[in-house]
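Heads up: the structure comes next, in structure tokens.
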Amino acid sequence: MALKPVLKLKVDELFLRWLSEPDTQNSLKENLRQLTHGEALTTPLSHYSLASPRSSSGKQSPRLRPTSPPFSPPTSKLPSPRSPRRPLSNKNNHRNGGTKTNLTVQTGKDVKDIIKKDNELIKERDKENKELSPSLTTATSTITTVTVTDTSKDTKRHDAGKTLQNVNIPKFYYPYGKPINKEETEKILDKVSKEFSKLEGGKALLHNFGPITKVINLPLYWKSLLYTASGGNKNGYVTFQMFAAMWRKVFSVCHDAASRFVKLLTVHSPQGRDYVDEADLIPLVQDIVETHPGLTFLQEAPEFHSRYVNTVIARILYCVNRSWSGKITVTELRKSNFLSTLSLLEEEDDINQVMDYFSYEHFYVIYCKFWELDKDHDLLIDKHDLARHNDHAVNSRTIERIFSGAVIKGKNALEGKMSYPQFVCFLLSEEDKRNPTSVEYWFRVMDLDGDGVISMYEMEYFYEEQMQKMEALGIEKLPFEDCLCQMLDLVRPKDNERITLADLKNCKMTHIFFDTFINLDKFLDHEQRDPFSNMRDVDSDIPEPTDWERYAAEEYELLVAEEGANDQEEVNVG
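Structure representation (structure tokens):
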């Protein structure tokens, strides 16, 4: 019979009082220790008096059922939790009429006899468990509770349960990769030792780390990481002993590419960081600038080295750092394509063919766009400078939101100013609104109250300026009610009264939604063509260029043609 709500509360209260007793807690701890060591339970739980807290005279509470046994003295002992429960006999007692049941009252002597028999059963089962179960190491114990069946009016206990043997579950989660055996580690160090022996004085400089990196089967452009982690920047060179000490410190703990990459960049960090920030990536990208065959022409223009490095790092953070924290974790690195792209640099001599992160043409387009807006060339622009981007295509309310701190954050952020790395994020988001980071970027802009949804009010707030621009240009404006219906049909949100970030990420035409409220030129362009004409073929084996890659290719051609025309004018004038 299920307990009534009031009675259940009373039972819970009594159980908590019993559990809070020091004797009970000590007994439980001792039993747990014995269980984990495969020992027999020798410390039965002490019995706790179940007297009602409302009665100070020790009399039986009227709330207890009439079948409850009399209270035993405080010195008596209850059975161990591993022993069978004794069900109350004749517990189906009807209050309102019905057949009356004879009540059996157990005396203190009966209770002691039951406890004695329980303890004997415990010892027998523990002896069997000890013979069947192996010693506990990393195994997970699985214990089946002994059940009790009542076959007649007289209570009978039956040991119907079985104790299962401990199961050894092999470790399956390796946060830093699956470890390699020590023999393989020593073989790698032997190969590295031979490479160091070929060098003069056994000292390796940065340009000597190319062959060493390949010997240990790491991508070529990890060489600056290995050199720095071994203490090369501090001493000016690296010996085999220095390298071996670093190897054992890093590679004995980290066993996959992502964890090793993070550890190599932060091994000398006093805080013991488990993430990579912007400053950690500078030596890596600088080494690529100085040694990649596709960037040899930059050796004659060192003033552009820092610009290219900052652009690449901004793109890495934009794509990899999905938490928007400015700190790239091992998990984020694993989920990104950065390490595979870094490996691709070794195979591809044309840096412009590596579209992700490292393309020089993409850097050229981004930097030229920023240079046009930055009149005083202090590498900072304000909202008035940004408003001139693409001939005032982005509406002013959007620009106000960008500078309000909705997306521009960080320790180096200046109030009312946008730095060059922040402009990189803006341009990538503006020209490719299908990118997941871009969707989050513009969602933050349009979510005025930060409640995690874009409401109808917020959509109307941004669309009002679009209608004002259309009216000023003499273009027939679309009422907001009609626009709203179109957008809801386009996005198909789960709730028609608001749009969430998940709704937009699931939508195949998110770029049209954002352009409707943010960029008038692109909004009008979408209105004049079939919205499905630009849909990507997901079944095609050939990857289609992204919106950003398409834009960068077109703008690069225009910039090169413009620069060529200017050079020709200078020649003619000369």
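Counting in the numbering used here, the sequence shown runs from 16 upward without gaps.
Just so you know, even glycine gets a beta-carbon here, dropped at the ideal spot from N, CA and C.
| Item | Value |
| --- | --- |
| Leu395 in three-state terms, based on DSSP | strand |
| Other residues of its chain near Asn581: CB distance less than 7 angstroms, five sequence neighbours each side excluded | none |
| Length of the line joining the Cα atoms of Lys44 and Asp271 | 40 angstroms |
| Runs of alpha helix (DSSP H) wholly within the stretch 408–460 (minimum 4 residues, chain order) | 411–416 and 435–446 |
| Contact with chain E by Leu574, beta-carbon distance below 8 angstroms | Absent from the structure is chain E; it holds one protein chain and no more. |
| Distance between beta carbons of Ile231 and Ile203, contact taken as under 8 angstroms | 5 angstroms |
| Expected contact under 8 angstroms - CB spacing of Tyr242 and Phe266 to nearest Å | Not really, about 15 angstroms apart at Cβ, beyond 8 angstroms. |
| Contacts around Ile414, its chain only, beta-carbon distance under 7 angstroms, and the 5 residues preceding and following it disregarded | Lys398, Leu401 and Ala402 |
| Opposing strand residues paired with Ser470 [DSSP bridges] | Arg513 |
| Rounded C-alpha distance that separates Ala66 from Gln49 | Confidence at Ala66 is low in this model, with a pLDDT of 42, below 50, so the placement of that residue should be treated as unreliable; the coordinate-derived value is given next. Approximately 31 angstroms, taken between the alpha carbons. |
| C-alpha gap between Ala294 and Ser239, whole angstroms | 14 angstroms |
| Paired residues, beta bridge with Tyr290 - DSSP | Thr344 |
| Inter-residue spacing [alpha-carbon to alpha-carbon] between Gln481 and Asp406 | 15 angstroms |
| Helix, strand or coil at Ala244 [DSSP, three-state] | helix |
| Validate contact between the stretch 325–333 and the stretch 293–307 using beta carbons, cut 8 angstroms, 3 pairs | yes |
| CA-to-CA distance, Glu54 to Asp27, given in whole angstroms | 31 angstroms |
| Spatial distance of Arg565 from Asn352 (CA atoms) | 20 angstroms |
| Whole-Å CB distance - Lys448 paired with Phe373, under 8 angstroms assumed | Not a contact, Cβ separation roughly 23 angstroms. |
| Rounded distance between the beta-carbons of Arg507 and Val460, thought under 8 angstroms | At roughly 22 angstroms, the Cβ-Cβ gap does not stay under 8 angstroms, so Val460 and Arg507 are not in contact. |
| Proximity below 8 angstroms, CB of Glu446 to CB of Asp562 | yes |
| 8 angstroms Cβ cutoff met for Ser284 and Tyr191 | no |
| Beta-carbon contacts of Leu370 that lie in its chain and below 6 angstroms, excluding the five residues immediately before and after | A small fix is needed here, since residue 370 is Met in this sequence, not Leu. Only Glu564 meet the Cβ criterion. |
| Spatial neighbours of Lys11 in its chain, beta-carbon cut-off 7 angstroms, leaving aside the 5 residues before and after | Outside the shown range of the chain (16 to 589) lies residue 11, about which nothing can therefore be said. |
| Simplified DSSP assignment, three categories, for Val268 | coil |
| Three-state secondary structure (DSSP) of Asn405 | coil |
| Cβ neighbour criterion (16 or more within 10 Å) applied to Gly489 | exposed |
| Three-state class that DSSP yields for Ala219 in the structure shown | strand |
| Check whether Ile366 and Leu442 have beta carbons under 8 angstroms apart | no |
| DSSP bridge partner residues for Val253 (one or two, in chain order) | Ala219 |
| Beta-carbon gap between Tyr571 and Val439 smaller than 8 angstroms | no |
| Reduced DSSP secondary structure (H/G/I, E/B, other) of Asn336 | coil |
| Three-pair Cβ contact test at 8 angstroms for the stretch 208–224 versus the stretch 246–257 | yes |
| Leu388 and His404 closer than 8 angstroms at C-beta | yes |
| Asn196, DSSP secondary structure in three states | coil |
| Buried versus exposed, by CB contacts within 10 Å (16 or more), Asp462 | buried |
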